[in-house]
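Peer 1:
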Amino acid sequence: DLKHHTLDAEASPTKTPKRQRQIHTASMLTSMTTALIRTATRRTATPALGAVRNLNLHEYQSAKIMADCGVNVPFGLPAQTVDEAVAAADRIGDEEVVIKSQILAGGRGLGTFKSGLQGGVHVIKSSEVKEYAEKMLGGTLVTKQSGPEGKPVNTVLLAKKMSLAREFYFAIMMDRASGGPLIIACSEGGTSIEDLAESHPEKIIKVPVDLKLGLTEEQAMQVVDGLTVAGDKAAAAEQIKALYNLFVSKDCTMVEVNPLAEDTEGNLIAADAKIGFDDNAEFRQKDVFEQRDFTQEDPREVDAGKWDLNYIGLDGNIGCMVNGAGLAMSTMDIISLNGGSPANFLDVGGSANTEQVKNAFEIITSDPAVKAILVNIFGGIMKCDIIAQGIIEASRELDLTVPVVVRLEGTNVEIGKKMLEESGLALITADDLDDAAEKAVAAIQTA
185 DLKHHTLDAE ASPTKTPKRQ RQIHTASMLT SMTTALIRTA TRRTATPALG
235 AVRNLNLHEY QSAKIMADCG VNVPFGLPAQ TVDEAVAAAD RIGDEEVVIK
285 SQILAGGRGL GTFKSGLQGG VHVIKSSEVK EYAEKMLGGT LVTKQSGPEG
335 KPVNTVLLAK KMSLAREFYF AIMMDRASGG PLIIACSEGG TSIEDLAESH
385 PEKIIKVPVD LKLGLTEEQA MQVVDGLTVA GDKAAAAEQI KALYNLFVSK
435 DCTMVEVNPL AEDTEGNLIA ADAKIGFDDN AEFRQKDVFE QRDFTQEDPR
485 EVDAGKWDLN YIGLDGNIGC MVNGAGLAMS TMDIISLNGG SPANFLDVGG
535 SANTEQVKNA FEIITSDPAV KAILVNIFGG IMKCDIIAQG IIEASRELDL
585 TVPVVVRLEG TNVEIGKKML EESGLALITA DDLDDAAEKA VAAIQTA
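Start counting the sequence shown at 185; every next residue gets the next number (my numbering).
1) Tell me whether V441 sits in a helix, a strand or coil according to DSSP, three-state version.
2) Find out if the Cβ-Cβ distance for the pair T549, L604 is shorter than 8 Å.
3) Could you give the C-beta distance for G489 and V625, rounded to a whole number, given that I count them as a contact under 8 Å?
4) Residues bridged to R591 by DSSP?
5) Below 8 Å, how does it come out for the region 566-574 and the region 531-540: are there three or more Cβ pairs, yes or no?
6) DSSP three-state call for A210: helix, strand or coil?
7) Measuring straight from C-alpha to C-alpha, what distance separates G254 and T339?
8) Kindly indicate the opening and closing residues of the beta strand (DSSP E) around D359.
9) Considering only residues of the same chain and omitting the five flanking positions on each side of A426, which have a CB-CB separation below 7 Å?
10) For the candidate residues P365, E378, D379, whose alpha-carbon lies nearest to that of V391?
11) Considering only C-alpha positions, which residue in the set L617, R580, S607, L582 is nearest to L592?
12) Specify, as a first and last residue, the run of the alpha helix (DSSP H) that S383 falls within.
13) Pull up the CB-CB distance for V589 and A556, whole angstroms please, since I reckon it's below 8 Å.
14) Can you give the Cα-Cα distance for A465 and G331, rounded to whole angstroms?
15) Does the beta-carbon of Q329 have 16 or more other beta-carbons within 10 angstroms, so that it is buried, or is it exposed?
16) Given a threshold of 16 other Cβ atoms within 10 Å of its Cβ, counted over all protein chains shown, does G398 qualify as buried or as exposed?
17) Go ahead and pull the three-state DSSP assignment for G497.
18) For A544, I'd like the list of residues in its chain whose CB is within less than 7 Å of its CB, leaving aside the five on either flank, ordered along the chain.
19) Locate the beta strand (DSSP E) running through M505, then write down its first and last residues.
20) Nearest-angstrom Cα distance between A317 and A269?
21) For R205, which of helix, strand or coil comes out of DSSP?
22) For the beta strand (DSSP E) containing V285, list its first residue and its last residue.
23) Is the beta carbon of N238 less than 8 Å from the beta carbon of F467?
24) To the nearest angstrom, how far is it from the Cα of V597 to the Cα of E606?
25) Which of the three DSSP states, helix, strand or coil, is assigned to A454?
Okay, here's the thing in structure tokens:
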């Protein structure tokens, strides 16, 4: 999670106190199970390091895809207006319905709207739908996973109230350790699985699946037994296999069902559906990717994606522009070690052009918290003169008012440095990364 952790890949041991390195190392030693659960329960569409940004869909979108793949889901209808919500409740035709806020963050049931309304999921009388839809649509829901800024609620899901006897947790994701899909399941679900994984890890079952062999009948039954299903176990195993086939056929990075419930007749039902998709498969999953909801994402990250830049906004005040994920992480660490705080992760990649560099500056400076910018480029494929030209043009066109510290090294470095020197701009040059970080922090302190 970049908002809470950076790596010291390039930090010099001689400049990092031993105690600080020990604390830094200890912070990474979390249990494997908890780490996997935390990965599964993040709903926000956060870019990965490198070129992949994984797509997440809303519950109602995921439920439709699941149903098409043979997974049992509750009947529900999405609504984007109050009138549509009332009409959906009328179509369901029951005395009570479930109304669910649709945001790309977990913990909705325990969330709070900024207006003061408690909970993003409610079981209500059909006659109350208009009242609740008016309060929820257009509001901002803050949950444990959304961050304090919350997420906008532009859609609500009206779902049929189910008679559920028991609730389980179920998820499939890619696992580095086993080199393939990993099924994670628990006989307790419907609440915070993250907390359960920390307090009772023995209740979590994990079943690695060989991609070549697929999910075997024995493995499906192992999951069913681990969930302690009381109904038809053969039918339950078919549901587990349908969920696995969905994961593979739709190029998913994650399929999470919380809760995977058992109704009073013993049927397994995916009562809440969340699915993440690998962006590398967009070319063959076009119908899925057309459903992307940009309103749930940081607009800066959306803009960065348009220019093939990898950007993640953080909470600091020193903007970073770097080429290469490892160097970017090192830059962020050394800024922190020098008493500063990175405002973002931004990797321009190895083949950025002048226009991309200019847009990178525009995205960085769109954050009002940014008080200085540190450019750290090691030119291999990426040429230093290209970066220098982008910096010069961005500085002139954007009328930058914050200090800009530039460290260049590698291909065409002398040409790049000369361009910066002759530009007439008040740019601060640095000899190495330590020097650059020190100057960036000092620039803020003296501003």
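Using N, Cα and C, we set each Cβ at its ideal position, and we do this for glycine too.
Peer 2: This is what the structure gives:
1) In the sequence shown, the residue the question calls residue 441 occupies position 257. If DSSP states are grouped into helix, strand and coil, V441 belongs with the strands.
2) Taking the sequence shown and counting its residues from 1, the one referred to as residue 549 is at position 365. Taking the sequence shown and counting its residues from 1, the one referred to as residue 604 is at position 420. No; because the gap between Cβ atoms is not below 8 Å, this pair is not in contact.
3) Within the sequence shown, the letter at position 305 stands for residue 489. Within the sequence shown, the letter at position 441 stands for residue 625. Not quite, the Cβ-Cβ distance comes to about 30 Å (not below 8 Å), so this is no contact.
4) On the sequence shown, residue 591 is found 407 positions in, with the first residue counted as 1. In DSSP, R591 forms a bridge with N560.
5) yes
6) In the sequence shown, the residue the question calls residue 210 occupies position 26. Low per-residue confidence applies at A210: pLDDT is 33, beneath 50, and the placement is therefore not dependable enough to give any value.
7) As a first step, residue 254 must be located in the sequence shown, where it is residue number 70. As a first step, residue 339 must be located in the sequence shown, where it is residue number 155. So the two alpha carbons sit approximately 25 Å from each other.
8) Reading the sequence shown from its first residue, position 175 is the one you call residue 359. 348-359 is the extent of the beta strand (DSSP E) around D359.
9) As a first step, residue 426 is located in the sequence shown; it is residue number 242 there, counting from the start. Hits under 7 Å: C253, G254, V255.
10) Start at 1 with the first residue of the sequence shown, and residue 391 comes out as number 207. Nearest C-alpha to V391: P365.
11) Here the question's residue 592 lines up with position 408 in the sequence shown. Ranking L617, R580, S607, L582 by Cα distance to L592 puts L617 first.
12) Sequence index remark: in the sequence shown, residue 383 carries index 199 (1-based). Start and end: 377-383.
13) Position 405 of the sequence shown, counted from the first residue, corresponds to residue 589. Position 372 of the sequence shown, counted from the first residue, corresponds to residue 556. Going by Cβ atoms, the distance from V589 to A556 rounds to 7 Å, so yes, they are a contact pair.
14) Here residue 465 corresponds to residue number 281 of the sequence shown, with the count starting at 1. Here residue 331 corresponds to residue number 147 of the sequence shown, with the count starting at 1. About 29 Å.
15) By 1-based counting over the sequence shown, the position of residue 329 is 145. Flag for Q329 reads buried.
16) Stepping through the sequence shown from its first residue, residue 398 is reached at position 214. G398 comes out exposed.
17) One-based indexing of the sequence shown puts residue 497 at position 313. If DSSP states are grouped into helix, strand and coil, G497 belongs with the strands.
18) Residue mapping note: residue 544 aligns to position 360 of the sequence shown, counting from 1. So the list reads L493, M505, L530, V532, once near-sequence residues are dropped.
19) Taking the first residue of the sequence shown as 1, we reach residue 505 at position 321. 502-506 is the extent of the beta strand (DSSP E) around M505.
20) In the sequence shown, counting from the first residue as 1, residue 317 sits at position 133. In the sequence shown, counting from the first residue as 1, residue 269 sits at position 85. So the two alpha carbons sit approximately 7 Å from each other.
21) If you number the sequence shown from 1, residue 205 lands on position 21. With a pLDDT of 37 at R205, under the threshold of 50, the predicted position of this residue should be treated as unreliable, and no value is reported.
22) Numbered from 1 along the sequence shown, position 101 holds the residue referred to as residue 285. A small fix is needed here, since residue 285 is Ser in this sequence, not Val. S285 -> beta strand (DSSP E) spans 280-285.
23) As a first step, residue 238 must be located in the sequence shown, where it is residue number 54. As a first step, residue 467 must be located in the sequence shown, where it is residue number 283. Contact flag unset, no.
24) Here residue 597 refers to the residue found at position 413 of the sequence shown. Here residue 606 refers to the residue found at position 422 of the sequence shown. Roughly 14 Å separates the two Cα atoms.
25) Working through the sequence shown from its first residue, we reach residue 454 at position 270. A454: strand per DSSP, three-state reduction.
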